[in-house]
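K.L.:
Got a structure here, written out as structure tokens. Questions coming.
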Amino acid sequence: MTGLVTSNFYSMQGNIKLSLMIALPIALVPFLLGDASMIPMIVAIQIFVFASNTGTSLKMDESSKWNKFEITLPVTRTAIVSAKYVSFMLLILLGLATSLVTVLLQSIRGELSFDLLFSGYSFGLQLSLMTIGIVYPLILKLGAEKSETLLFAAAGLSVALRFLLWYLLHLSDATIDFRSSEVDRVSLMVALAIFAASYAVSVMMYRSKELH
Amino acid sequence: MTYSLEIDNLTKTYPGSDFRLDNVSFSIPRGTIMGFVGENGAGKTTTMNAVLNIVKKDGGTIKIFGREMGDKDRDIREQVGVVFDGANFPEMLTPARLAKVMAGTYKQWDQERFLNMTARFNLDTGKKIGRYSRGMKMKLALAVALSHRPKLLILDEATAGLDPIVRDEILSVFLEFIEDEDHSILMSSHITGDLEKIADYITFIHRGQIRLTESKDRLIYEYGIVRCKAEQFRLIDRADMMAYRKRDYQIDVLVNNRAAFERKYGGMVVDRGSIDEIMLLLVKGGD
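Protein sequences, first through last, are from chains R and L.
To convert, note that position 125 of the first sequence is 118 in the numbering used here; the numbers rise steadily by one, no gaps.
To convert, note that position 17 of the second sequence is 13 in the numbering used here; the numbers rise steadily by one, no gaps.
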């Protein structure tokens, strides 16, 4: 599987550089403006901007027909899907690592708030895990050609799911608002469940997938 | 005789398509090259895809080195080298990086062999694959396929679109590969001239059905094409014809034993046929 993860990483390398060019400068925004309330959004964007590379790398694999060649390699189909999910997680980790620049800058200003950071990380992780969890099986089913559209749709759906979870929590406890830590925690747990379920579904789909 | 690949009654259909692989059967003896010939859409690529588990077969059996290859049979895949029409490697990779990917995938990956092959083919291993010409991509695909020391090469239109010099270079690599009697090649090609040069056997497929599998030498030296007029054609016993094709002023008849035919029907002109002519008769002719 090492080879497959390496291949995925190389496929995403160009976009990772681009993501860094976006994610690093925006770390300066709350630092320069002195507005700590922006931190959750900035951290979430920094994580998601890496996760959003998923579609591009899958599209490149499909256009070069590497996904067809991959099946002829001495690996199981499950290993191919596993390598994709490991690569997705590495992307998210890169996003997390980049967001540490924001944390570092805020700590220099002395305005580090655990609640704000938790909110940012949980939103970024929820958005990334849910989006990838939704989009990868859809790409397997519909093809990577529409990957950008599917990615945007999946991201929209992830945000909508967060609203739905907040609404359901709000029904049980009227004091819970959209920014409550309960919403963060539950959304993150649901996102992890969707990501795990997505892996299982993708393995099942890929085992019976035919490439031409 | 032991076989590298045995295909028996392979069937495959696609939803929403009339195409059907219809009980395809042929085998490749170890140490030989099988040319796989047919018109576009005849079923060559589908057959190869089924062999490689890229598509799921509906029925029949496919044995590689005597075993049916399932998803978990990585040891069999280690021994199968594949070259598709168009190479199929990520275009942003360089061959040097591709080698790292392959080294992390194949247990038998031989980096030294890869470097020797790329040097032999004059491939710049630091250049992105996307910037390679078609010929260079095919050479790279071949270098990759040979660098994990396979025993069976499956080549789908590996020489298509290449100039004669590059084709000749690649064909000589195939011939070197086959010097080891454990090695075999299944090679589909529209360029039947290439197959005439290197193949030991030829399998003709037409509309998903195998029309003929025969040794190349028999096709060239024993088969023949009778060039006859309508009145001569009427004299030929149908049992002696494999296929025939009416042309403007003559009828071409494919026979599988030129010498016997000439003895039986003295006076008729029987030519040696090329693989191309035989394919045309099998595909376009009646029988």
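All C-beta atoms in this analysis are idealised placements derived from N, C-alpha and C, irrespective of residue type, glycine included.
Bear in mind the structure is a predicted one, so any value in this text is a computation, not a measurement.
Check residue 157/R in the structure and name its three-state DSSP category.
P.N.:
On the first sequence, position 164 is the one that residue 157/R refers to. It is helical.
K.L.:
What distance in whole Å lies between the Cβ atoms of residue 60/L and residue 76/L, which are believed to be in contact at a cut-off of 8 Å?
P.N.:
Position 80 of the second sequence holds residue 76/L. Position 64 of the second sequence holds residue 60/L. About 7 Å separates the two Cβ atoms, so the contact holds.
K.L.:
Is the beta carbon of residue 42/R closer than 9 Å to that of residue 12/R?
P.N.:
Taking the first sequence and counting its residues from 1, one reaches residue 12/R at position 19. Taking the first sequence and counting its residues from 1, one reaches residue 42/R at position 49. It is a contact, given that the beta carbons lie within the stated cut-off.
K.L.:
In this structure, does DSSP put residue 153/L in helix, strand or coil?
P.N.:
Working through the second sequence from its first residue, we reach residue 153/L at position 157. Coil, per DSSP.
K.L.:
Note the first and the last residue of the continuous beta strand (DSSP E) segment covering residue 8/L.
P.N.:
Counting from one through the second sequence, the residue named residue 8/L turns up at place 12. Counting along the chain, the beta strand (DSSP E) containing residue 8/L begins and ends at -1 to 9.
K.L.:
Please compile the residues from chain L whose C-beta is within a distance smaller than 7 Å of the C-beta of residue 59/R.
P.N.:
Against the first sequence, residue 59/R aligns to sequence position 66. Going along chain L in sequence order, the residues near residue 59/R (Cβ under 7 Å) are 84, 85, 86.
K.L.:
In three-state terms, what does DSSP make of residue 146/L?
P.N.:
Residue 146/L sits at position 150 when you count from the first residue of the second sequence. Coil.
K.L.:
Tell me, to the nearest whole angstrom, how far the beta carbon of residue 149/R is from that of residue 117/R; I am working on the premise that it is less than 8 Å.
P.N.:
On the first sequence, position 156 is the one that residue 149/R refers to. On the first sequence, position 124 is the one that residue 117/R refers to. Actually they do not touch by this definition, with Cβ atoms about 16 Å apart.
K.L.:
Taking Cβ-Cβ distances shorter than 9 Å, what residues in chain L pair up with residue 203/R?
P.N.:
Within the first sequence, numbered from 1, the residue matching residue 203/R stands at position 210. Going along chain L in sequence order, the residues near residue 203/R (Cβ under 9 Å) are 10, 45, 50, 51, 52.
K.L.:
For residue 115/R and residue 182/R, what's the separation of their Cα atoms in angstroms?
P.N.:
Here residue 115/R is taken as the residue at index 122 of the first sequence, counted from 1. Here residue 182/R is taken as the residue at index 189 of the first sequence, counted from 1. Residue 115/R and residue 182/R: Cα-Cα distance of roughly 9 Å.
K.L.:
Report the option in 252/L, 123/L, 264/L whose CA atom is closest to the CA atom of residue 217/L.
P.N.:
The residue you call residue 217/L lines up with position 221 of the second sequence. Closest option to residue 217/L, Cα to Cα, is 252/L.
K.L.:
Whose Cβ in chain L lies nearer than 8 Å to the Cβ of residue 62/R?
P.N.:
As a first step, residue 62/R must be located in the first sequence, where it is residue number 69. Correct list: 78, 80, 84, 85.
K.L.:
Using a Cβ-Cβ cut-off of 6 Å (strictly less than) and excluding sequence neighbours within five positions of residue 80/L, which residues of its own chain qualify?
P.N.:
Along the second sequence, read from residue 1 onward, the residue named residue 80/L stands at position 84. The residues are 152.
K.L.:
Is residue 128/L close to chain R? Criterion is C-beta to C-beta, closer than 9 Å.
P.N.:
Start at 1 with the first residue of the second sequence, and residue 128/L comes out as number 132. False, the Cβ-Cβ gap to chain R never drops below 9 Å.
K.L.:
Under three-state DSSP, which class holds residue 22/L?
P.N.:
One-based indexing of the second sequence puts residue 22/L at position 26. If DSSP states are grouped into helix, strand and coil, residue 22/L belongs with the strands.
K.L.:
State the beta-bridge partners of residue 219/L as determined by DSSP.
P.N.:
Sequence index remark: in the second sequence, residue 219/L carries index 223 (1-based). Paired residues: none, contrary to the question.
K.L.:
Which residue marks the beginning of the alpha helix (DSSP H) containing residue 189/L, and which one marks its end?
P.N.:
For the purposes of this step, residue 189/L is taken as the residue at position 193 of the second sequence. Start and end: 188 to 194.
K.L.:
Near residue 105/L, which residues of its chain fall below 7 Å by C-beta distance, leaving aside the five closest residues on each side in sequence?
P.N.:
Locating residue 105/L in the second sequence gives position 109, where the first residue counts as 1. Cβ within range, chain order: 98, 99, 143, 144.
K.L.:
Starting from residue 77/R and walking both ways along the alpha helix (DSSP H), at which residues does that stretch end?
P.N.:
For this step, residue 77/R is matched to residue 84 along the first sequence. Start and end: 70 to 102.
K.L.:
Against chain L, does residue 45/R count as a neighbour if the rule is that its beta carbon must be under 9 Å from one of theirs?
P.N.:
Sequence index remark: in the first sequence, residue 45/R carries index 52 (1-based). So no, residue 45/R is outside the interface.
K.L.:
Determine the direct distance from the alpha carbon of residue 70/L to that of residue 70/R, and round the result to whole angstroms.
P.N.:
Start at 1 with the first residue of the first sequence, and residue 70/R comes out as number 77. Start at 1 with the first residue of the second sequence, and residue 70/L comes out as number 74. Computed Cα separation, rounded: 11 Å.
K.L.:
Against chain R, which members of the stretch 139 to 151 of chain L pass a CB distance test of less than 9 Å?
P.N.:
Of all residues in the stretch 139 to 151 of chain L, 144, 150 have a Cβ within less than 9 Å of some Cβ in chain R.
K.L.:
Could you tell me the distance, in whole angstroms, from the CA atom of residue 132/L to the CA atom of residue 23/R?
P.N.:
The residue labelled residue 132/L in the question sits at position 136 within the second sequence. The residue labelled residue 23/R in the question sits at position 30 within the first sequence. Spanning the two alpha carbons is a distance of roughly 50 Å.
K.L.:
Quick one: does the C-beta of residue 151/R sit closer than 8 Å to a heavy atom of the ligand SAH?
P.N.:
In terms of ligand content, the structure shown is empty, and the ligand SAH therefore cannot be addressed.
K.L.:
What are the residues that DSSP puts in a beta bridge with residue 279/L?
P.N.:
Numbered from its first residue, the second sequence carries residue 279/L at position 283. Residue 279/L is not bridged to any residue.
K.L.:
How would you call residue 120/R, buried or exposed, if buried means at least 16 neighbouring beta carbons within 10 angstroms?
P.N.:
Position 127 of the first sequence, counted from the first residue, corresponds to residue 120/R. With 16 or more other Cβ atoms within 10 Å, it is buried.
K.L.:
Can you list the alpha helix (DSSP H) stretches of 4 or more residues lying completely in the stretch 133 to 185 of chain R, in chain order?
P.N.:
Listed in chain order, the complete alpha helix (DSSP H) runs (minimum 4 residues) inside the stretch 133 to 185 of chain R are 140 to 165.
K.L.:
Do residue 29/R and residue 99/R have their C-beta atoms closer together than 9 Å?
P.N.:
In the first sequence, the residue the question calls residue 29/R occupies position 36. In the first sequence, the residue the question calls residue 99/R occupies position 106. Cβ atoms of residue 29/R and residue 99/R: closer than 9 Å.
K.L.:
Taking only the alpha-carbon atoms, compute the straight-line gap between residue 16/L and residue 9/L and give it to the nearest angstrom.
P.N.:
Position 20 of the second sequence, counted from the first residue, corresponds to residue 16/L. Position 13 of the second sequence, counted from the first residue, corresponds to residue 9/L. So the two alpha carbons sit approximately 5 Å from each other.
K.L.:
How would you list, in chain order, the residues of chain R whose beta-carbon sits under 8 Å from the beta-carbon of residue 96/L?
P.N.:
Start at 1 with the first residue of the second sequence, and residue 96/L comes out as number 100. Here the neighbours are -4, -1.
K.L.:
Count the other CB atoms within 10 Å of the CB of residue 85/R; is the residue buried (16 or more) or exposed (fewer)?
P.N.:
Locating residue 85/R in the first sequence gives position 92, counting from the first residue. That one is buried.
K.L.:
One question on the structure: do residue 239/L and residue 191/L come within less than 9 Å of each other, judged by their Cβ atoms?
P.N.:
The residue labelled residue 239/L in the question sits at position 243 within the second sequence. The residue labelled residue 191/L in the question sits at position 195 within the second sequence. Against a cut-off of 9 Å, the Cβ pair of residue 191/L and residue 239/L comes out as no contact.
K.L.:
CB residue 85/L to CB residue 198/L, shorter than 9 Å?
P.N.:
If you number the second sequence from 1, residue 85/L lands on position 89. If you number the second sequence from 1, residue 198/L lands on position 202. No.
K.L.:
So, helix, strand or coil for residue 286/L, using DSSP?
P.N.:
With chain L running from -3 to 283 in the structure shown, residue 286/L is simply not present.
K.L.:
Is the number of C-beta pairs between the stretch 41 to 51 of chain L and the stretch 177 to 192 of chain R that are closer than 8 Å three or more?
P.N.:
Contact between the stretch 41 to 51 of chain L and the stretch 177 to 192 of chain R is absent, because fewer than three Cβ pairs lie under 8 Å.
K.L.:
Can you look up residue 130/L in the DSSP assignment and give me helix, strand or coil?
P.N.:
Taking the first residue of the second sequence as 1, we reach residue 130/L at position 134. In this structure, residue 130/L counts as helix in the three-state DSSP scheme.
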